[in-house]
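Numbering (mature numbering (1 follows the signal peptide of the UniProt record, and there is no 0)), first residue to last: -29 to -1, 1 to 307. Here a beta-carbon is modelled for each residue, glycine too, at the ideal position from N, C-alpha and C. Below: the structure, in structure tokens.
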């Protein structure tokens, strides 16, 4: 990974951080929390940040302020997470997959076809399995606040509809840093290539990659429909987000302020999850209206059968304790 990921040079990122810190230090009468996230302002992740800001500032009577930095202004996901660990950034929001290098067991949540629907994912994330992940974060300098929703991942490409595993064969597929998803696409015959999301539009436009997978909200907010012809509703993996805060910064707040921050994170997450669910069909219609060809006739059973070795690889590397924990509290059926 280079320091120019997400189209940001190191100098630009540091300049933004200096500005953020100077703004924060200038507010003598209030504590300012710097909240960075990777998506554009039309994305639901930004709506979550705005809701969090509104509630924190209102409930603290202005003693706490929240300054939002959207669209990767303070760096790529890895840089923002590092910034939150070091305290340069106070709060960040990123895909759970971006934490699996530090908490490998969390990769179980992104195993293909782990969850039948969002409700099953919420049961696991808001229950004991999710808490197991949260409990590992303080040792990394982080306080876990909530698991907002990125959503079920769908596949877009420029070759044709994806209906069965063979349809992926030979596709140059952009993937994130999730080991399980990389393994899945490689297993299905695609050619996975890791790219940061900020570089993906150009990569699709220029033909560096043919295809990608993301939840619908990301497809819409990053305008991938402009450079992709086909959308297949595969629901092949559920992607959670993780909202974290610098642990020392959290500990420096009063107990009352800590409760305000935690409640605001929970309320903003509930709102964002609800909005995402309500807007799913509308997003599909928008993409269709703008010219994408959408298919839902996906042979899910064939995909589930084909990815069995991906589950085995995860278990060989990490054990099956987290999988069993997830299955014990959700409606998930075992696939391993």
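If you drop the 5 nearest sequence neighbours on each side, which residues of the same chain put their C-beta closer than 8 Å to that of residue i?
i: residue 140; result: 159, 160, 161
i: residue 109; result: 218
i: residue 26; result: 231, 234, 235, 238, 239
i: residue 97; result: 118
i: residue 134; result: 203, 266, 268, 269, 270
i: residue 258; result: 187, 190, 191, 196, 202, 265
What does a CB cutoff of less than 6 Å around residue i pick up in its chain, not counting 5 residues either side in sequence?
i: residue 206; result: 123
i: residue 40; result: 7
Within 7 Å (strictly less), CB to CB, does residue i reach chain E?
i: residue 114; result: The structure shown contains no chain E; it is built from a single protein chain.
Use the C-beta contact count for residue i: other C-beta atoms within 10 angstroms, 16 or more gives buried, fewer gives exposed.
i: residue 188; result: buried
i: residue 267; result: exposed
i: residue 71; result: buried
i: residue 178; result: exposed
i: residue 69; result: buried
i: residue 95; result: buried
i: residue 114; result: buried
i: residue 192; result: buried
i: residue 44; result: buried
i: residue 252; result: exposed
i: residue 271; result: exposed
i: residue 262; result: exposed
i: residue 151; result: buried
So what's residue i in DSSP terms, helix, strand or just coil?
i: residue 17; result: helix
i: residue 104; result: helix
i: residue 56; result: helix
i: residue 203; result: strand
i: residue 248; result: helix
i: residue 234; result: helix
i: residue 184; result: strand
i: residue 163; result: strand
i: residue 10; result: coil
i: residue 299; result: helix
i: residue 80; result: helix
i: residue 174; result: helix
i: residue 264; result: strand
i: residue 258; result: helix
For the putative contact between residue i and residue j, defined by C-beta atoms under 8 Å, what is the C-beta separation to the nearest angstrom?
i: residue 215; j: residue 63; result: 6 Å
i: residue 195; j: residue 172; result: 7 Å
i: residue 125; j: residue 202; result: 6 Å
i: residue 9; j: residue 198; result: Incorrect: roughly 19 Å between the Cβ atoms, too far for contact.
i: residue 297; j: residue 85; result: 7 Å
i: residue 55; j: residue 240; result: Contact doesn't hold; Cβ gap of about 17 Å is too wide.
i: residue 293; j: residue 79; result: 4 Å
i: residue 182; j: residue 127; result: 6 Å
Can you pull the DSSP bridge partners for residue i?
i: residue 66; result: 212
i: residue 4; result: 37
i: residue 145; result: 164, 183
i: residue 117; result: 214
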